[in-house]
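Taking it in order: structure first as structure tokens, then the write-up.
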Amino acid sequence: DGGITQSPKYLFRKEGQNVTLSCEQNLNHDAMYWYRQDPGQGLRLIYYSQIVNDFQKGDIAEGYSVSREKKESFPLTVTSAQKNPTAFYLCASSPVLGVESQPQHFGDGTRLSIL
Amino acid sequence: SQKIEQNSEALNIQEGKTATLTCNYTNYSPAYLQWYRQDPGRGPVFLLLIRENEKEKRKERLKVTFDTTLKQSLFHITASQPADSATYLCAPQGASKLTFGTGTRLQVTL
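Protein sequence lines correspond, in order, to chains A and G.
Each step along the first sequence adds one to the number in the numbering used here, with nothing skipped, and position 7 is 47.
Each step along the second sequence adds one to the number in the numbering used here, with nothing skipped, and position 65 is 46.
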């Protein structure tokens, strides 16, 4: 079955450490996204990518970095500069960004906590 | 700035009744609006999309309306079942990206 796989499901980070969250899709989608979800808040867009080797900052990109070297993969690095990284991180994909409205397909998230 | 409002209080209804969830938005005019379902610890799942020139969209027991004058979308689930219990997110789409509301939790009891 096609879908989005996020790993790990739970991740713990020590102070001052960078961590990378994995996101892989086999839907052949062009666009991929990273969101952060906190209790009582809507999903907030961190980064998105419309095509390989290109990505754009979302609303809360500070303290995060991404890469898009392959169509299927869009890893997110939470750097030590992100002062409040504890959250539920969701990766999504859609066929095309900006042309008509496309449903987004989500993975089941990674919950990041600080030790 | 753009704002999306969904009722933060949980909606509790009895099995078999119709659940109605509200999504209000301000300071922009989305051309599309999507609705998603999210279960605890899982990612959202797409349910329905409605365009600004569509007043209503149906899919099985689900119905969505989109009133661009009131800046509001209503999401209805008819003949509710306990399996419908989840958080429902609305996501208006402006120029390009989706903006998600905080969601309304629906609890359907026997």
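A virtual CB, placed ideally from N, CA and C, is assigned to each residue, including glycine.
Can you find a C-beta in chain A that's less than 8 Å from the C-beta of residue i?
i       : result
G:I(-6) : no
G:G75   : no
G:Y69   : no
Under 6 Å Cβ to Cβ from residue i, same chain only, skipping five residues before and after it: list those, please.
i     : result
A:G42 : N66 and L67
A:E64 : T45, E112 and S113
G:A72 : Q15, L79 and F81
Residues in the same chain with beta-carbon distance under 7 Å from residue i, minus the five sequence neighbours each way, listed in chain order, please.
i       : result
G:A94   : With chain G covering -18 to 91 only, the question about residue 94 of chain G has no answer from this structure.
G:R42   : I58, T59 and A60
A:F95   : Y87, Y88, S89, V106 and R108
G:I(-6) : A0, S61 and V89
For the candidate residues the options, whose alpha-carbon lies nearest to that of residue i?
i        : options                         : result
G:S10    : G:A64, G:T90, G:F47 and G:A60   : G:F47
G:I(-15) : G:T90, G:A60 and G:Q15          : G:Q15
A:N124   : A:N93, A:L152 and A:S107        : A:L152
G:L2     : G:T83, G:A12 and G:S(-18)       : G:T83
G:N5     : G:D65, G:E35 and G:K52          : G:K52
A:H69    : A:V92, A:Q81, A:L155 and A:I100 : A:V92
G:F27    : G:N34, G:E35 and G:K40          : G:K40
G:I70    : G:V45, G:K36, G:L91 and G:T50   : This sequence places Leu at residue 70 of chain G; Ile is not what is there. Cα-wise, what sits closest to G:L70 is G:V45.
Tell me, which residues are paired with residue i by DSSP?
i        : result
G:L(-8)  : G:L87
G:N8     : Answer is none; G:N8 lacks a bridge partner.
A:T150   : A:Y129
G:L43    : G:K40 and G:I58
A:T45    : A:E64
G:F27    : G:Y17
G:E(-14) : G:N5
A:S134   : A:A71
A:F52    : A:S153
Suppose the cutoff is 8 Å on Cβ atoms and the five residues either side in sequence are ignored; what does the same chain contact list for residue i look like?
i     : result
A:Q77 : L83, R84, A127, F128, Y129, L130 and G149
With a threshold of 8 Å between beta-carbons, can residue i be considered close to chain G, or not?
i      : result
A:F146 : yes
A:S141 : yes
A:L83  : yes
A:G42  : no
A:L130 : yes
A:G103 : no
**Message:** Extract the residue ranges of the alpha helix (DSSP H) inside the region 82 to 130 of chain A, only unbroken runs of 4 or more that lie entirely within it.
**Reply:** none
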